Structures are given as structure tokens and as C-alpha cells.
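Colleague: Residue numbers (my numbering), protein chains in the order written: chain A, 386 to 614; chain B, 386 to 614. Cβ atoms here follow ideal geometry from the backbone N, Cα and C, with glycine treated the same way. Since this is a predicted model, take the numbers as computed values, not measurements. A single structure is presented below for examination.
There are 2 protein chains.
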Amino acid sequence: MSLTVAERIADSLKAAIMKGRLKPGDALPSERELAERYDVNRSSVREAVKRLQGWGLVQVKHGGATRVRDLLIGAGLNVLPSLVELGNVDPGIFRELHELRGMLLGWCAERAASLATPADVANLEALVEKLADPKAKPQALQVLDYDFFDALVALTGNRLLAVFSSLVRDVYLRTPERFVSLYRRGVFDVGNHEKAVSAIRSKNARAAGDAMRAHAATALKAHEKEQQK
Amino acid sequence: MSLTVAERIADSLKAAIMKGRLKPGDALPSERELAERYDVNRSSVREAVKRLQGWGLVQVKHGGATRVRDLLIGAGLNVLPSLVELGNVDPGIFRELHELRGMLLGWCAERAASLATPADVANLEALVEKLADPKAKPQALQVLDYDFFDALVALTGNRLLAVFSSLVRDVYLRTPERFVSLYRRGVFDVGNHEKAVSAIRSKNARAAGDAMRAHAATALKAHEKEQQK
DNA sequence: ATGTGATACTGGTCCGACCAGTCTATGAGC
DNA sequence: GCTCATAGACTGGTCGGACCAGTATCACAT
């Protein structure tokens, strides 16, 4: 899995930006200087910079310096996984992420209540059963929970939402360690999933939504308690 | 506003992909051939391709062909504005977009009900007053509606949501013509906004959310009726 | 003090060579 | 006749060096 030269440089610069060594507004070293510093040809540096530009991380100006853009504003949500992975992100972001997840889960569950076929319900029930296994490891529960999420999203048939949720999922699974503690015994509670599925079966949208929102709220609380340590 | 050579090529290829002339899985012409076809140097083509790669639109393989990726899966939500702008998008996407917007609006309104300060409420009321102006042009209403959206989002203090909503906004405002008809007299109804604001003032979350969801649902219906013509 | 240039930067484009993977068609061996 | 290795003929990746085209800056003339 050998990275290409340009990739190496792009990743290196990306990391520098994500970690805050290069802050928004800062100027990157000139291409010629980067080429010398990395001991590669300027073309390779240029390709790396072009990629950063494609990612929305930098703004290139002919004749002037190449500068780092405001991360979320410039690059959009797509940078989030890397941002979380490479550290140096305001902890408040996690609260917002959990909020978003709760909103999505709640909405999906409500939609699912009116859209789910018996086969869909059976699928969800199978997932819940695995989630209820007292012998399951936290890591396994974590993945299963996201699978459950995906199943709900798929049920809504909303492709945009699917993309969005896969991004949220990506954030969580990029650094599983950060969130796995939410699935330890005594912290994680399948109750909400069970409630949600049974509400979906009986087409009770409100109850289904509330159950999943409660799940997300619980996760948020656990996460915040975790962080105080 | 002269585009750079690489930009021209990147945009051209992007358009070809967005419009479906190059479908996911298709191979791009080789760099050497593109260089000849556009009558530019291969370096410029490479930079363009690197940018496409940064956008997540293509997958480059050393030794093999460069292929078009699945749009939403590969590039994420960030491509959506271009996708909508350049046409050739499954009409169903608009339904999903309206759904998402309704979900976001509803959630924001609910949060706003418990978070809004008197100053915030006054701000929203000012917007509604403008929205209620019978002499306002549809284009103006359209922008005001998105401003209202933004105000709600800002109220929640959720930065991720702000980024997400700015993307949704971007989709709508990239091709305003497509949606402006939703704001014609007789179609657009301020009633929901008024209900939402007064519910927010009285901290009635449920009612506020329902009002904004109703707004989105109305817009969706009008959009679908529009499309049948 | 204030413009206004020359100049020394920045990135953009080109060329042509060569390296490094991948794909395929050809033909030797079975 | 079929299988499989292998030699090209592709693909993209890297190099270096030249030159074009914008920007920024600072010294100098006003």
C-alpha cells in the first residue's frame, strides 16, 4: 500500500491543516519551497496542492500565496471524518454530532413506522436481537448500532439521507475508540431499540421517533460524562 | 474572470460526469489523449484530473484507466449543488431534498422554541413581517425564506447543522428558477411561518416544529404539481 | 508624504524524457 | 485444442527545467 509521492504530500499538508499547525488564513510555503522541503519535484507538489484545492482546504491565487480556508465553511461536511480522526477539534462538535444523529434517527424511525414492510420489521428485529445479546462485545454492539441506523435510513428510501448518514457513520467509525465506551455493559441499553421496533411494527410513528431520540440523548449524556474524566 | 486551463478542463470533465455523458464506471480518455483533444499539455490535464479526484468524482489507478465513481457515494453531499445545477438528476432527488429540508426545519424550530431569546424572537418576527408583505416578489420571498431557515439554524447553535443547511440552501439557490414558482402568490403561504414564530415565542416546541414541517410539505406538493406540467 | 514604477516573488503552462504499474494479445508448452 | 507465461503496448507517476502570468513590495522620483 505504497502511497504516491503527491498523495504523501497531500496527506501531510492535510494533517497539518487538520491539526491546526496551519490555521485558516495562513499561507502555505511556496510550491518551490515545498518541493525542496519534501525533496520532490515541483510538479508533484502542485498535484498535491490541486488535490487540497479539490478538497476545499486551500484557496490558490495566481501570483499570490496559497492560503488555508476555513475548514467547515470551505470544505463542507466531507472533511469532518478527517477532522475528527486527526484530533484537534472543538469537543463541542461531538455534542452537535450527537444532536444531529438523534434528529436523523428520530426522523427515520418515524418514517419507518409508516413505510416498513413485515420483512423490514423482521430485519430490524433480527438486529435488535443481536444487540440484546448480553455476551456481545462493545465493539460489536457499536457496529450493530450503526447497522441498525443504516437499516432505518435505507427504509426511508431517501438517498440524500443515506449519503448524509454514511458520513455520520464514517465520523463515528473512523475513531471507534472514542465512542466505543458508550456501548459498555451498563451504559448501553437496548431498551430504546426494542421500543422503536415494536412501535414501527404497530405503525406508531411518534413512539418510534421518541425511542430513537432517547437513544441518541442517552449516548450524548454518556459521552459527556466520559469526557469529564 | 478568466479560468485557468486546468480549471477549464476540470469543469468540462465535471460537467460531462454530472450530465451523465460519462457514467459511473466509465473510463476517462487517457491523459495523453485528453491533452491532445483539449490541445493543452499533459501536465494541465493531470492537474484537472487531480482536482476531479479531490472532488471524489473519479478514481485514478496507476497503470490502469481513470474511472468515474458513483457520484453521491464517492463524492458525498458536496456534489449535490453542481449535480442539480447541471441538470440530469433523477427528479426523485427533489422529493428527498424537500423531505430533508422539512426534517431540518422542524427540528430547528423545536430547538428554537426552547432556546430563543426575546431578541431572537424579534428577529424572526421581523423576517416574517417581510415574508407577509403582499407586494414582495417571489424571488424576494424565496431568499427571505432561506434567511428564515438560516436564522433558525443559527439559533440552535449547531455548527454542523449550519454547514449542512448551507449546503441545502446552496442547492436551492444555485438554480433559483427551479424553485421560485413555489413562492408565487397563491402558492406560498406565510401562515406556517407565523404559526412557527408564535409557537417559538410561547415555547411550544411541538407546534413550532409542526408548522415548519407543514411549510416544507406544502412546498413539496407545489413542486410536484409544478413538475407534472 | 505620496504615488509609481522596477523587481522579486507567487502560481500557471509547457516540453520531453523516463519510471512504474496494468492489461492484453501472442505464442510456447502442455 | 487449451493453458498459461511473457513481451509488448498501453495506463498513470515523477522528474527537471524553461518560460509565461499574475501580485506584492520597496526604493526612488515626484
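1) Give a yes or no on whether the minimum CB-CB distance between V330 of chain A and chain B is below 7 Å.
2) Confirm, please, whether the CB-CB distance from H578 of chain B to L516 of chain B is below 7 Å.
3) For L567 of chain A, I'd like the list of residues in its chain whose CB is within less than 7 Å of its CB, leaving aside the five on either flank, ordered along the chain.
4) Mapping the DSSP letters down to three states, classify A412 of chain B as helix, strand or coil.
5) So Q438 of chain B contacts chain A; which residues on that side make the cut at Cβ distance below 8 Å?
6) Using the three-state DSSP reduction, which class does R598 of chain B fall into: helix, strand or coil?
7) Is it right to say P561 of chain B is buried, meaning 16 or more other beta carbons lie within 10 angstroms of its own, or is it exposed?
8) Could you say if the region 537–553 of chain A and the region 481–496 of chain B meet the contact criterion of at least three C-beta pairs nearer than 8 Å?
9) So L540 of chain A and A501 of chain A are in contact, right, with Cβ under 8 Å, and what is the actual spacing, rounded?
10) Can you give, in chain order, each stretch of the alpha helix (DSSP H) that sits fully within the region 411–494 of chain B and has at least 4 residues?
11) Can the beta-carbon of A581 of chain B be found closer than 7 Å to that of A593 of chain B?
12) With DSSP as the reference, identify every bridge partner of F573 of chain B, one or two as the case may be.
13) Kindly indicate which three-state DSSP category L560 of chain A falls into: helix, strand or coil?
14) In angstroms, rounded to a whole number, what distance separates the CA positions of E616 of chain B and G405 of chain B?
15) Apart from the five residues on each side of it in sequence, which residues of its chain come closer than 6 Å, Cβ to Cβ, to Q444 of chain A?
16) May I ask you to verify whether the region 435–444 of chain A touches the region 424–439 of chain B, counting CB pairs closer than 8 Å and requiring at least 3?
17) Can you list, in chain order, the residues of its chain whose CB lies under 8 Å from that of L407 of chain B, leaving out five sequence neighbours each side?
18) Determine the extent of the alpha helix (DSSP H) in which T541 of chain A is found, giving its start and end residues.
19) So is L413 of chain B in contact with chain A if we call contact Cβ pairs under 7 Å?
20) Would E473 of chain B pass as an interface residue toward chain A - the criterion being a Cβ-Cβ separation below 7 Å?
21) According to DSSP, is P503 of chain A part of a helix, a strand, or is it coil?
22) Check whether the Cβ atoms of L537 of chain B and A497 of chain B lie closer than 7 Å to each other.
23) Please list, in chain order, all residues of the same chain as A450 of chain A whose beta carbon is under 6 Å from its beta carbon, the five residues on each side excluded.
24) At least one CB of chain B closer than 7 Å to the CB of V548 of chain A: is that the case?
25) Closer than 9 Å, Cβ to any Cβ of chain A: which residues of the region 452–482 of chain B, in chain order?
26) Would you kindly work out how many angstroms separate the C-alpha atoms of A525 of chain B and D535 of chain B, rounded to a whole number?
27) Does chain A have any CB closer than 7 Å to the CB of L485 of chain B?
28) Note down, in chain order, every chain A residue with its Cβ under 8 Å from the Cβ of N543 of chain B.
29) Can you check whether the C-beta of M488 of chain A is within less than 7 Å of a C-beta belonging to chain B?
30) First and last residue of the alpha helix (DSSP H) that includes L398 of chain A?
31) Does the distance between the C-beta of E392 of chain A and the nearest non-hydrogen atom of the ligand FMN fall short of 6 Å?
32) Please state the DSSP three-state secondary structure of D555 of chain B.
33) With distances taken between CB atoms, is the gap from V465 of chain A to V556 of chain A smaller than 7 Å?
34) I'd like to know whether the C-beta of E432 of chain B is nearer than 7 Å to at least one C-beta of chain A.
35) Put K610 of chain B into one of helix, strand or coil per three-state DSSP.
Modeller: Taking the definition as stated:
1) Look at the range of chain A in this structure, 386 to 614, and you will see that residue 330 of chain A is not part of it.
2) yes
3) So the qualifying residues of the chain are F573, A604, A607, H608.
4) Of the three classes helix, strand and coil, the one that applies to A412 of chain B here is strand, per DSSP.
5) R436, G439
6) Correct three-state label for R598 of chain B: helix.
7) Exposed: under 16 other Cβ atoms inside 10 Å.
8) Taking 8 Å as the limit for Cβ pairs, the verdict is that the region 481–496 of chain B does touch the region 537–553 of chain A.
9) 6 Å
10) 416–423, 427–440, 465–470
11) yes
12) DSSP lists B:R570 as partners of F573 of chain B.
13) This sequence places Thr at residue 560 of chain A; Leu is not what is there. Residue state, collapsed to three classes: coil.
14) In the structure as shown, chain B starts at 386 and stops at 614, and residue 616 of chain B therefore has no counterpart that could be examined.
15) R452, R454
16) yes
17) Answer for L407 of chain B: L398, A401, L413, V453, listed in chain order.
18) In the DSSP assignment, T541 of chain A falls within the unbroken alpha helix (DSSP H) covering 523–541.
19) no
20) Sequence inspection shows Asn at residue 473 of chain B; the Glu mentioned does not correspond to that position. Cβ-Cβ to chain A under 7 Å: no for N473 of chain B.
21) In the structure shown, P503 of chain A sits in a helix (DSSP, three-state: H, G or I).
22) Going by C-beta atoms, L537 of chain B is nearer than 7 Å to A497 of chain B.
23) A412
24) yes
25) L457, I458, A460, G461, L462, N463, L465, D475, G477, I478, R480, E481, L482
26) 15 Å
27) yes
28) E481, E484, L485
29) Among the residues facing chain B, M488 of chain A is included, as its CB has a counterpart in that chain under 7 Å away.
30) 390–403
31) The model depicted lacks the ligand FMN and carries no ligand whatsoever.
32) helix
33) Per the sequence shown, residue 465 of chain A should be read as Leu rather than Val. Yes, these two residues count as a Cβ contact at 7 Å.
34) yes
35) helix
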